[in-house]
Structure formats: C-alpha cells, structure tokens
Amino acid sequence: MDLLELWKRHLERTKSPRTVQTYELALLSFIKRQNIQDLRNMSVKDLYSYADSSGLSSTSLLTHFSAILHFYKFAFRRGYVDEEVYLRVQKAIEDIREEIQPRRIYGSLKALGKREIELIMQCTKNTKYEKVYSLLLYSGLRLLEYQALRKDFFQLDKSGILWIHLPAEATKGRKPRIVPILGATKEDTLKATQKILRWLEDFEENFRVSRGTLQVYTNRLSKRLNIPFSIHSFRHTYITNLINNGFSIEVVKEFAGHAHIKTTVDIYYRFSQERARRMVEEFLR
C-alpha cells in the first residue's frame with residue numbers, strides 16, 4: 001500500500017467524509033499541477049510556485065496548504081520523511097499562509113497605548129510571556145521571524161544599541177536585515193535593552209514559546225483584559241513609534257522588512273496632528 005493510500009485511510013478514521021474528499025482532491029491537485037513524481041523529494045519551491053500560479057482564491061489556497069501540511073505531518077510521524085524535510089515544508093507553508101491570508105482593513109490596525117502596554121505587562125510580569133511580548137514590542141519582529149530567532153542573532157554595539165541581525169532564511173522576504181531594539185523614548189529603549197540582555201543569558205528558557213501556545217495565550221489575555229490586541233499589535237506599535245519619532249520612511253521600511261515602500265505608506269503613514277505638532281515645534285527650535 002503506497003503512502004497516499006495510507007494517508008487517505010488515516011483521514012477516513014480521523015476526519016469527516018467531506019474533509020477527506022477536500023484534502024484528497026487538494027493534494028492531488030498540487031501533485032498534478034507541479035508534476036510531483038515523489039512527494040518525499042518535493043522542493044519547497046513547488047509550494048511557492050503553487051501559491052503563485054494555481055489561480056485559486058486565498059480561501060481555497062489555505063485549504064490546499066492545510067491538506068499538504070497534514071500529509072507531511074502524517075508522513076513524518078510514520079518515518080516516511082525525515083524531520084528536516086517536514087520542518088522545511090512546515091516553515092514554507094506558514095510563510096505562504098501569512099502572505100495569502102486576507103488582508104486586514106488598514107483602519108483596524110491600532111498601536112497599543114501606554115496604559116494598554118502597562119496592563120499587558122503587569123498581567124504577564126515574571127512570566128515567559130512578559131519577555132516574549134517585550135521582545136516583540138521593542139523589535140517589531142513578525143511571528144515567523146520570532147520563531148526563527150537564535151541567541152547569536154543579537155549584537156550589542158559600542159554605543160549600547162542592541163541589534164538583531166536576521167539572516168535571509170529567517171525573514172519573510174528572504175532578505176537579510178538588521179533591527180534595533182527601540183522603544184517610544186530613549187528611557188524606554190535603555191530599560192528594554194538592559195532587560196533583554198539579561199534575559200538573553202538563558203535564551204531558550206526565556207524566549208522559546210511555540211506559535212500555537214503564544215497565539216492561544218494572547219487571545220485569552222486580550223479577552224480577559226478587554227484590550228483588543230494580537231501578537232501583530234506589538235509590531236504595529238514598534239513601527240508606529242519609529243514614525244512618531246521622526247525616522248525617515250526609507251529607514252522605517254527597512255527596519256519593518258517591507259518589500260515595497262508603498263506597503264509602509266499605505267498601512268502606517270496617516271496624518272497625525274500630534275506628530276505634525278511635534279515636527280513643527282522641532283523645526284522652530
């Protein structure tokens with residue numbers, strides 16, 4: 001019995017008939033379109049090519065990639081593919097999912113206010129989540145980039161600025177970039193830098209949380225505190241702070257890791273009376 005048949009039988013034992021049919025057709029569609037001869041030796045390039053050329057809607061693509069990931073998880077757990085292959089497929093699919101998820105309406109994005117941040121940090125004080133949230137808030141990393149972090153990515157320069165050096169394979173755009181640890185003010189930045197440096201001494205213990213666990217915890221905390229926020233809110237707050245502190249749009253684009261400057265403009269550059277007032281005051285000094 002071949003691997004596809006074994007997978008289908010597993011689906012029939014664990015999924016509804018409708019899901020079995022949907023997943024089977026999705027995987028077969030992928031195999032046919034990409035002319036895959038052996039799924040065990042499939043290149044992740046085929047996944048990106050399928051996302052770009054299949055012509056499916058975002059919703060259908062998400063379903064197809066769920067089926068593909070389910071197949072590889074099954075194959076890995078039963079020893080048909082090794083862990084390295086499975087993890088490559090998993091990371092590529094997570095990357096693609098982030099790209100093709102229906103975009104949120106820009107107006108719904110909101111930076112966290114000072115009081116909201118205080119409440120979130122108070123509620124997570126002395127837990128791993130305080131450390132992870134702090135890292136995300138002061139670096140603006142995407143969730144996928146956070147997952148790829150290693151201790152040796154962090155470097156403290158002579159002026160006391162803590163930088164995160166992200167290699168190409170750790171970023172969404174497959175382009176290396178550097179990100180500074182920065183807060184809304186100089187004082188915030190200094191405090192955050194000292195805390196993160198201290199926590200880096202035991203990186204795995206302090207910063208390693210699985211994607212699913214972090215998302216579930218964040219959703220529950222948001223409801224408990226009655227503060228509408230997600231993991232992405234920390235990134236949005238970081239980028240908003242850069243803009244409010246007068247960083248040029250080119251610098252903001254690079255620190256944010258946006259592929260195109262239009263993305264930075266469309267999402268983040270809205271008129272702010274407070275920012276305009278500060279810029280006029282600075283000009284007149």
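Numbering-wise (full-length UniProt numbering), the sequence shown opens with residue 1 and increments by one.
C-beta atoms are modelled at their ideal positions from N, C-alpha and C, and glycine is treated no differently.
Problem - 8 Å Cβ cutoff met for T264 and V252 - result: yes
Exercise for the section: Could you confirm whether any beta carbon from chain C is found closer than 8 Å to the beta carbon of L149? Expected result: Protein chain content of the structure displayed is limited to a single chain, and chain C is not contained in it.
Practice task
Run the CB neighbour count on R104, radius 10 Å, all protein chains shown included, and call it buried at 16 or more, exposed below.
Solution key: Per-residue confidence for R104 stands at a pLDDT of 48, beneath the threshold of 50, marking its modelled position as unreliable; the derived number appears in the next sentence. Exposed is the call here.
Handout entry: Beta-carbon contacts of residue 312 that lie in its chain and below 8 Å, excluding the five residues immediately before and after
Key = Past the edges of the chain, shown from 1 to 285, lies residue 312, and the structure says nothing about it.
Problem - I227 - DSSP class collapsed to helix/strand/coil - result: coil
Handout entry: Cutoff 6 Å; reference F71; Cβ partners in own chain excluding five residues on either side
Key = Correct list, in chain order: W7, L27.
Problem - Distance CB(L61)-CB(S54) smaller than 8 Å - result: For L61 and S54, yes; Cβs fall inside 8 Å.
Practice task
Just tell me which of T240, N245, L284, V280 has its CA closest to the CA of D266.
Solution key: T240
Exercise for the section: For L242, count neighbouring Cβ atoms within 10 angstroms of its own Cβ and tell me buried if that reaches 16, exposed if not. Expected result: buried
Practice task
Provide the residue span of the beta strand (DSSP E) that contains residue 291, from first to last.
Solution key: Past the boundaries of the shown model lies residue 291; the chain is included only from 1 to 285, so the question cannot be answered.
Exercise for the section: Measure the CB-CB distance between Y138 and I181 and report whether it falls below 8 Å. Expected result: yes
Exercise for the section: State the start and end residues of the unbroken beta strand (DSSP E) segment that holds L156. Expected result: Taken as a continuous stretch (DSSP letters only), the beta strand (DSSP E) holding L156 covers 154-156.
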